[in-house]
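Reading through the structure tokens given below for one structure.
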Ligand SMILES: *Cc1c(COP(=O)(O)O)cnc(C)c1O
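In the working numbering, the protein residues as written are 48 to 441.
Right, dumping it as structure tokens:
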């Protein structure tokens with residue numbers, strides 16, 4: 048069967064897919080329909096943190112399928128109650144709402160901020176400050192706070208009252224804040240925008256501005272959270288805490304689930320019954336996945352593993368930068384790394400695929416590496432070797 052042709056005929060053409068039909072995975076390796084093996088440094092876009100074919104994870108899902116997969120939120124269910132506790136403990140937040148995706152988590156965070164401000168002054172004209180080069184998702188609210196004019200252009204008008212500051216430029220945030228600002232939303236490490244970690248003084252400065260004016264700080268940790276930077280959440284490194292956090296991607300290890308969580312103070316002064324809902328969100332199947340993911344993070348000391356191996360990964364990438372003239376920069380945090388090239392990265396990605404390595408991009412000339420968190424030194428050595436070849440041929 049020619050699945051590429053089938054997909055090209057019937058799938059809505061919103062992606063220019065790589066010409067690979069993936070069939071199955073094992074650990075850090077993926078296999079296509081022809082049995083060709085790939086070392087995976089993409090993890091389905093920072094999702095498959097525990098690696099493929101994880102037996103305990105798969106067994107837990109199978110067990111839950113046989114019990115019940117969906118109840119709606121009109122009733123309690125055991126996995127959702129347990130996962131809520133697990134997520135709150137992991138994030139040091141107090142209350143959580145489960146969604147089906149990252150973009151929906153952003154929608155919930157935006158609604159929380161608007162409601163919080165509405166309860167203070169009864170007005171409906173509050174604004175949100177977002178960042179240039181940010182990415183928060185594709186639904187209308189999330190798109191409206193995404194700092195990529197090209198993504199927004201054809202779909203205007205957005206939700207309105209959104210202003211864009213420059214990431215890592217505190218004065219640009221300060222200049223946009225006014226008495227109608229209800230939230231500042233940003234990624235702790237910008238992902239799609241090119242892998243830019245927040246500077247210490249910037250994130251602390253934004254936190255301070257928000258505290259002084261009772262503005263909610265929403266940190267989008269959908270990509271950089273869940274251990275990817277060597278901390279359960281990337282903000283921990285800076286010693287700041289958001290008022291609202293969004294998560295998704297790795298939290299489900301392949302099961303579509305997201306969440307937004309908040310402090311008790313925000314929860315008490317925002318959403319009430321009737322304000323927000325979802326049919327699927329937080330169903331027993333998705334929540335069983337979340338708790339098993341968090342259990343394995345603890346059991347396998349995954350954040351420590353990322354911290355321990357980060358210097359080795361960075362050294363490998365720095366080595367490639369030294370060797371190859373077309374590499375302009377290496378940056379990142381933990382297992383969220385980028386090689387910025389002096390030319391488009393698409394040909395390098397294709398050659399890497401031919402050599403049996405999956406990497407992705409974050410912008411036209413930025414190679415992004417977001418491997419499963421379970422990679423070992425050998426995986427890093429193989430990645431280096433295959434990427435070296437791909438860069439050499441350019
Ligand atoms: C992927 C991503 C989103 C959107 O998540 P979806 O599950 O694709 O809707 C939002 N924010 C960030 C930082 C992301 O990386």
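Cβ atoms here follow ideal geometry from the backbone N, Cα and C, with glycine treated the same way.
{"Query": "Nearest by alpha-carbon distance to residue 223: which of 203, 427 and 262 is it?", "Result": "262"}
{"Query": "How long is the line joining the alpha carbons of residue 167 and residue 247, rounded to whole angstroms?", "Result": "31 Å"}
{"Query": "Among residues of its own chain, excluding the 5 on either side of residue 368, which ones have a beta-carbon nearer than 6 Å to its beta-carbon?", "Result": "374 and 377"}
{"Query": "Tell me where the alpha helix (DSSP H) around residue 174 begins and ends.", "Result": "That residue, residue 174, is in no alpha helix (DSSP H); its beta strand (DSSP E) goes 174 to 178."}
{"Query": "Below 7 Å CB to CB, which residues in the same chain sit around residue 155 once its five sequence neighbours on both sides are set aside?", "Result": "144, 146, 307 and 323"}
{"Query": "Identify whether residue 71 lies in helix, strand or coil by the three-state DSSP scheme.", "Result": "strand"}
{"Query": "Do the stretch 256 to 276 and the stretch 294 to 304 make contact, defined as three or more Cβ pairs closer than 8 Å?", "Result": "yes"}
{"Query": "For residue 85, report the span of its beta strand (DSSP E) as first-last.", "Result": "84 to 87"}
{"Query": "Thinking C-alpha only, which one of 63, 80, 194 and 336 is nearest residue 106?", "Result": "336"}
{"Query": "Counting only runs of 4+ residues fully inside the stretch 83 to 170, write out the alpha helix (DSSP H) ranges in chain order.", "Result": "90 to 93, 102 to 114, 125 to 138 and 149 to 168"}
{"Query": "Confirm the yes/no value for this check: CB of residue 429, any heavy atom of ligand 1, distance under 7 Å.", "Result": "no"}
{"Query": "Hey, out of 69, 330 and 95, whose CA is closest to residue 451's CA?", "Result": "No statement about residue 451 is possible, as the shown extent of the chain runs from 48 to 441 and does not include it."}
{"Query": "Note down, one range per segment and in chain order, each alpha helix (DSSP H) of at least 4 residues found wholly within the stretch 364 to 440.", "Result": "393 to 401 and 424 to 439"}
{"Query": "With a threshold of 7 Å (Cβ to nearest heavy atom), would residue 119 be considered close to ligand 1?", "Result": "no"}
{"Query": "What ranges does the alpha helix (DSSP H) occupy inside the stretch 185 to 240, keeping only unbroken runs of at least 4 residues that lie completely in it?", "Result": "187 to 191, 196 to 199 and 217 to 223"}
{"Query": "Say the cut is 7 Å; is the CB of residue 30 nearer than that to a heavy atom of ligand 1?", "Result": "Absent from the model: residue 30. The displayed extent of the chain is 48 to 441, so no value can be given."}
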